[in-house]
Every structure is written in structure tokens, then in C-alpha cells.
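Visitor:
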Amino acid sequence: MDVKYREAYTKGLIKENPTLRLVLGTCPTLAVTTAAINGLGMGVAATFVLVCSNIAISLMRKMIPDKVRLPAFIVIIAGFTTIVQMLVKAYTPSIDKALGIYLPLIVVNCIILGRAEAYASKNSVGLSALDGLGMGSGFTAALLLMGGIREFLGKGTIFNWPNGGLIPPITIFVLPAGGFFVFGMLIWLANRLSDKFDDDASRRETNENVCAACPSAAFCHQTVESETSGLAAAAITKKEADNNE
Amino acid sequence: MNSTGLFAILIGSLLVNNFVLAQFLGICPFLGVSKKLSPAVGMSVAVIFVMLMATAATYPIYMFVLIPADLKYLQTIVFILIIAALVQLVEIVLKRYVPPLYKSLGIYLPLITTNCAVLGVAILNIDKEYGFAQAMVNSLGAGCGFLLAMVMFAGVRERLEVAEIPKGLKGLPITLVAASLVSMSFIGFQGLFGL
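So the protein sequences, as listed, match chains A and B.
Using the working numbering, you'd call the opening residue of the first sequence number 175 and step up by one each time.
Using the working numbering, you'd call the opening residue of the second sequence number 14 and step up by one each time.
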């Protein structure tokens with residue numbers, strides 16, 4: 175039992191890190207990491223929503239009819255997002271200002287919907303809470319790392335403290351272009367490390383297809399496939415058949 | 014009320030504050046559906062369509078229901094529900110009355126509910142205190158900006174397919190580096206119209 179609980183928490187930290195291994199929630203990752211403190215704020219806010227929504231969804235998993243589960247999950251997540259928005263606005267107005275519209279956009283963060291669909295709707299409350307906490311910690315750690323790197327290189331500070339003039343600020347790193355670049359390099363590093371240390375070969379492929387872990391990946395993939403082979407109509411027919419079931 | 018001119022808003026959301034390359038909204042479809050040109054265009058057209066519909070629906074509801082009832086804090090929940098319902102509705106209406114359009118756009122619609130660009134534009138229109146016409150133009154610019162980024166990037170990625178890339182960088186890392194370069198070119202628009 176103990177192992178199972180520990181595994182529920184630890185897998186999100188490194189092995190299945192939502193940002194660097196599964197590549198989910200890319201929008202906030204790129205957008206708010208111009209400074210380490212913003213990354214931390216975003217990470218903590220998203221973790222709060224993730225843990226709460228995982229608990230709520232796990233508690234209600236037997237009540238929610240299968241057909242309306244996605245809208246139901248979205249409403250639950252939106253509720254907790256609103257709570258977190260109010261808390262951040264009240265207690266840390268500077269973070270609220272820095273995160274801007276990305277704070278309400280936690281509601282469409284695919285890590286949260288992804289965990290609800292893949293984990294909380296199938297597992298017990300305790301496990302779901304730990305899973306949320308683990309995934310949230312992994313997300314926070316990745317955001318903090320990325321924010322730290324971009325702030326250090328782009329502004330020459332660490333948590334708004336001067337770094338002692340080690341390097342002159344390279345402004346491009348706090349601009350959007352730098353965000354894409356640092357994220358690309360971090361994923362490269364994560365891939366290299368997992369090639370070396372992860373003996374489970376199946377996992378190495380995870381981010382070959384960008385959206386492997388996204389809730390709508392299967393659909394997206396089917397869309398691209400059918401478009402490229404000129405079978406869009408077939409996809410629709412299949413979807414209609416699914417709807418009629 | 015914000016008094017920025019309509020043309021400045023259009024250019025602003027199309028180029029200067031491009032949704033994908035400057036504001037990081039809608040990165041998932043940007044990375045996921047940009048492998049080939051035709052799905053990239055289909056997806057973008059669907060996004061433009063839904064963005065305009067979403068703005069036309071959320072803006073009046075915010076102004077005439079949420080504000081008078083003093084329920085501003087319900088913005089996030091109400092907007093996401095409206096967008097989800099709207100996407101369903103559009104799907105049903107297109108299927109029934111305009112089957113050819115449904116065939117080309119329909120498959121992308123379910124993906125759009127969780128696209129942060131659509132919810133993002135609805136919230137931004139409120140945050141910036143735009144009037145209704147300004148909000149619609151802003152949404153049009155944002156959608157066309159998404160199309161522009163997708164089309165440019167699909168072109169870049171088709172070239173990447175045949176390029177010789179170091180093993181570790183294959184797949185996502187090189188895609189992000191390419192996105193970084195495309196985004197860098199958009200820095201050139203910074204400062205247009207003082208936006």
C-alpha cells in the first residue's frame with residue numbers, strides 16, 4: 175500500500191513530469207516564466223486547483239454520468255480556478271498583476287483536465303490527491319527552473335536579487351523568442367537524461383508526438399492523419415457513429 | 014472605455030501582440046496541428062470562426078448580465094461554459110444546414126473548447142475595456158494572427174522534416190527552436206502604433 179501511495183506522488187516529479195516529459199500546459203509554461211517568482215506563483219496556483227479538482231472529481235466519480243463527464247470536470251475546475259483567482263488577487267496582488275490573464279486560463283490548462291480524465295475519475299480520493307500534488311510539484315519545479323534560467327540570463331537577477339554582475343543581461347531571454355528556446359533546450363536535456371537513466375524504453379517515446387498525453391490527443395491525431403490521407407469524411411462518419419452509440 | 018482605433022487594434026492583435034508568437038496562447042494546437050499545411054489552415058479557420066462567435070456571445074452576457082447582477086467573479090466559469098456550449102451548437106447547426114462547411118471544419122471544433130486562445134481573447138476583450146466593435150475587431154485580428162502563425166510555421170516544419178537534425182534535438186526540441194526563430198522575427202513589429 176505504502177509503495178502505491180509513494181508512487182502516486184513521485185511519478186509526477188521526474189518520470190512523468192507534466193511539463194518536461196509529457197509536454198502539457200505549454201502556454202503558461204512559456205508565458206509566465208519571465209521571472210522565477212512568477213513561475214513559482216503560477217505553479218502553486220495550478221497545484222492548488224489540481225489537488226482540489228482531483229479530490230472533488232474523485233469523490234464524485236461514481237455520480238457523474240459518463241456522457242457529460244468532460245463538461246462536469248470543466249465546471250469543477252472552473253470553480254476552483256475562480257477561488258484561486260480571488261485568493262491571489264487578495265493576498266498577492268503583485269503576482270496577480272504579473273500572471274494577468276494566465277490566472278483564469280488555468281481552467282483550460284490541459285494538465286488539470288488530463289489528470290481528471292486519466293487518473294482522478296478512476297482512483298480513490300487519497301491516491302488522486304497525491305497524484306495531483308505530485309503532478310503539481312513537478313509542474314511548479316519545471317516552471318521555477320525555467321523562470322530561474324530566463325531571469326538569470328535575461329535580467330541578470332535571481333529572485334529579483336542582482337547576481338553580482340556574473341553576466342550582463344541578455345534581454346532576448348525574457349522575450350517570447352527566448353521562452354521557446356529555453357523550453358526547447360530543457361526538453362532536449364530531459365530527453366537526454368531519460369535516455370541515460372530511464373530503463374523503461376516505452377517512456378522514451380512519450381514526447382515524440384507532442385501531444386501524446388493531452389486529453390484530446392487521440393482526436394487531434396486522428397484529425398491530422400485523416401486530413402493528410404484525404405479521409406476527413408471517414409473521421410466524421412466514425413464520430414457520428416460514436417455519437418449515436 | 015478604451016478609445017484605440019479599430020485599425021490599430023486589428024494590426025495590434027494580428028502582428029504586434031500576435032497571440033501565438035508574442036502572447037503564448039494556443040501553443041498546443043500550434044505545436045500539434047502544424048505538421049502539414051492543410052490541417053493547419055482548417056484548424057485556424059475554425060479558430061477564427063469560434064473566436065468571433067465566442068466574443069459575440071460572451072461580451073453582451075458580461076456587459077448586460079454579469080455586471081448588472083454584480084456577478085463579475087463568475088466570469089471564468091460563465092465564459093468557459095458559454096464557449097463549450099457554443100462549440101457544440103455550432104457543430105450541430107453546421108452539420109444540419111451547411112454540410113460542406115461541417116466536413117471541412119467540423120473535425121476541429123471539439124479541439125477548440127480547451128484552446129486557451131478562445132477563452133483568452135474573450136477575457137482580454139473585457140480586461141482591455143473594449144467596446145463591442147473593438148472587441149469583435151480584436152477577435153478577428155487574434156484569429157487571423159493565429160492563422161498567420163500556423164501557416165508560417167507549417168511551412169517551416171515541412172522543411173524540418175527533411176533536414177538533418179542532431180539525434181537528441183529531433184521532434185519537439187528542434188520544433189521549439191524553430192518557433193523561437195519565427196517568434197524572433199515578430200519582435201520586428203514591436204512598437205508599431207505605439208502598442
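For each residue, glycine too, the CB sits at the ideal point set by N, CA and C.
Predicted model only: the values in this text are computed from it and were never measured.
Do we get a CB-CB distance below 9 Å when we pair Val-78/B with the residues of chain A?
Guide: no
Visitor: Please go through the same chain and pick out, in chain order, the residues whose beta-carbon is closer than 6 Å to the beta-carbon of Gly-186/A, but skip the five residues on each side of it.
Guide: So the list reads Gly-308, Met-309 and Gly-312, once near-sequence residues are dropped.
Visitor: Could you check if Ser-268/A is buried or exposed, using at least 16 other CB atoms within 10 Å of its CB as the buried criterion?
Guide: exposed
Visitor: Mind listing which residues of the stretch 182 to 206 of chain B have their C-beta closer than 8 Å to chain A's C-betas, in chain order?
Guide: Leu-182, Gly-184, Leu-185, Pro-186, Ile-187, Thr-188, Leu-189, Val-190, Ala-192, Ser-193, Leu-194, Ser-196, Met-197, Phe-199 and Ile-200
Visitor: Applying a beta-carbon distance threshold of less than 9 Å, which residues of chain B neighbour Thr-423/A?
Guide: The structure shown does not extend to residue 423/A, since chain A spans only 175 to 419, so no value can be given for it.
Visitor: Which residue comes first and which comes last in the alpha helix (DSSP H) that contains Phe-222/A?
Guide: 210 to 233
Visitor: Looking at C-beta atoms only, is the number of pairs between the stretch 148 to 160 of chain B and the stretch 171 to 185 of chain B that lie closer than 8 Å three or more?
Guide: no
Visitor: Which word fits Met-320/A, buried or exposed, when buried means at least 16 other C-beta atoms lie within 10 angstroms of its C-beta?
Guide: buried
Visitor: Any beta-carbon of chain B closer than 9 Å to the one on Trp-362/A?
Guide: yes
Visitor: Taking Cβ-Cβ distances below 8 Å as the criterion, which residues of the stretch 340 to 361 of chain A are in contact with chain C?
Guide: Judged by its chain identifiers, the structure shown contains no chain C, and its protein chains are A and B.
Visitor: Quick one, are the C-beta atoms of Val-242/A and Cys-129/B less than 9 Å apart?
Guide: no
Visitor: What are the boundary residues of the alpha helix (DSSP H) that includes Asp-176/A?
Guide: 176 to 184
Visitor: What is the rounded straight-line gap between the Cα of Val-206/A and the Cα of Gly-55/B?
Guide: 29 Å
Visitor: Tell me which residues of the stretch 25 to 40 of chain B have at least one Cβ-Cβ distance to chain A shorter than 8 Å, keeping chain order.
Guide: Leu-34, Ala-35, Gln-36, Phe-37, Leu-38, Gly-39 and Ile-40
Visitor: Within this structure, are the beta carbons of Gly-352/A and Ser-193/B separated by less than 9 Å?
Guide: For Gly-352/A and Ser-193/B, yes; Cβs fall inside 9 Å.
Visitor: Skipping 5 residues on each side, what residues in its chain have a beta carbon closer than 6 Å to that of Leu-327/A?
Guide: Ile-344 and Phe-347
Visitor: Who pairs with Thr-331/A in a beta bridge, going by DSSP?
Guide: Pro-336/A
Visitor: Between which two residues does the alpha helix (DSSP H) harbouring Asn-151/B extend?
Guide: 145 to 175
Visitor: Could you tell me the boundaries of the alpha helix (DSSP H) in which Glu-104/B lies?
Guide: 88 to 110
Visitor: For Phe-32/B, which of Leu-50/B, Gly-45/B and Val-60/B has the nearest alpha-carbon?
Guide: Checking every option, the nearest Cα to that of Phe-32/B belongs to Val-60/B.
Visitor: Output the boundary residues of the alpha helix (DSSP H) element that contains Ser-57/B.
Guide: Residues 50 to 74.
Visitor: Assuming the contact rule is C-beta atoms closer than 8 Å, Leu-99/B and Leu-107/B should be a hit. Round their C-beta distance to whole Å, please.
Guide: Not really, about 12 Å apart at Cβ, beyond 8 Å.
Visitor: Please classify Arg-180/A as buried or exposed, where buried requires at least 16 neighbouring CB atoms within 10 angstroms.
Guide: exposed
Visitor: DSSP state of Arg-378/A, grouped into three classes?
Guide: In this predicted model, Arg-378/A has a pLDDT of only 47, less than 50, meaning its place in the structure is not dependable; the value taken from the coordinates is given anyway. Correct three-state label for Arg-378/A: helix.
Visitor: How many whole angstroms separate the CB atoms of Ile-90/B and Ala-246/A, which I take to be in contact at a CB cut-off of 8 Å?
Guide: Incorrect: roughly 13 Å between the Cβ atoms, too far for contact.
Visitor: What is the rounded straight-line gap between the Cα of Ala-210/A and the Cα of Leu-261/A?
Guide: Spanning the two alpha carbons is a distance of roughly 20 Å.
Visitor: Relative to chain B, which residues along the stretch 237 to 263 of chain A have a C-beta separation below 8 Å, given in chain order?
Guide: Result list: Pro-245, Ile-248, Val-249, Ala-252, Gly-253, Thr-255, Thr-256, Gln-259 and Met-260.
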